[in-house]
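In this note's numbering, the protein residues as written are 1 to 162.
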């Protein structure tokens, strides 16, 4: 039996572009400290769903794009997204078996580690004083995971992305 090949790879790139736009979109100033890691969330979903199509190279390229958009040190976000993708790929088989609430807990740790690495890099460059409030985006992102997962899973199934 010959499998039907889908040409809906554009959905992946469109969703990642949407995540980039959400990452730089305006928010009220009091909510800025807890801005979700949109690109990390979307990249995590596509890495779990299609590890043969989205991986370390995609994460590195999107991280460089995020560095340019934020005006941050070139390679900083690329390193962070590559770290997240590496950890998700390493835990890929286990994460797919977990229910969504357990995935939230694992992703809280993964995003927390990434935020701590980013805090360390910011402290080395003198951009930001070290504070643990910097972990708030990891918590917000982990809490948003079920909705991001459901939305992207529904979209990928409806459009037959494989």
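Just so you know, even glycine gets a beta-carbon here, dropped at the ideal spot from N, CA and C.
The model shown is predicted, which means the values in this text are computed figures rather than measured ones.
Next on the checklist: Rounded to whole angstroms, what is the Cα-Cα separation between residue 116 and residue 134?
Outcome noted: 8 angstroms
Next on the checklist: Measuring CB atoms only, is the region 52-62 touching the region 149-158, in the sense that at least three cross pairs come out at less than 8 angstroms?
Outcome noted: no
Checklist entry - Using the C-alpha atoms, what's the distance from residue 9 back to residue 119? => result 34 angstroms
Next on the checklist: Restricting to Cα atoms, I'd like to know which of 80, 75, 110, 69 is closest to residue 20.
Outcome noted: 69
Checklist entry - At a cut of 8 angstroms, does the region 131-151 reach the region 26-41 through at least three beta carbon pairs? => result yes
Next on the checklist: Give me, in chain order, the residues of the same chain whose beta-carbon lies closer than 6 angstroms to that of residue 161; leave out the 5 immediate sequence neighbours on both sides.
Outcome noted: Listed in chain order, the non-local C-beta contacts of residue 161 below 6 angstroms within the same chain comprise 8, 11, local neighbours out to five positions each way being set aside.
Item to check | Any non-hydrogen atom of the ligand FMN closer than 7 angstroms to residue 102 Cβ | outcome: Ligands in the displayed structure: none, and consequently the ligand FMN is not present.
Next on the checklist: Is the beta carbon of residue 81 closer than 8 angstroms to that of residue 148?
Outcome noted: no
Checklist entry - Which residues in the same chain as residue 125 place their Cβ atom closer than 8 angstroms to its Cβ, once the five residues preceding and following it in sequence are excluded? => result Closer than 8 angstroms at the Cβ level, and outside the excluded window around residue 125, lie 73.
Checklist entry - Taking the alpha carbon of residue 96 as the point to measure from, which residue in 45, 77, 159 has its own alpha carbon closest? => result 45
Item to check | Residue from 59, 48, 18 whose Cα sits closest to the Cα of residue 93 | outcome: 48
Next on the checklist: Can you check which of these residues, 71, 79, 67, is closest to residue 56 by C-alpha distance?
Outcome noted: 79
Checklist entry - Should residue 59 be labelled buried (16 or more other beta-carbon atoms within 10 Å of its own) or exposed? => result buried
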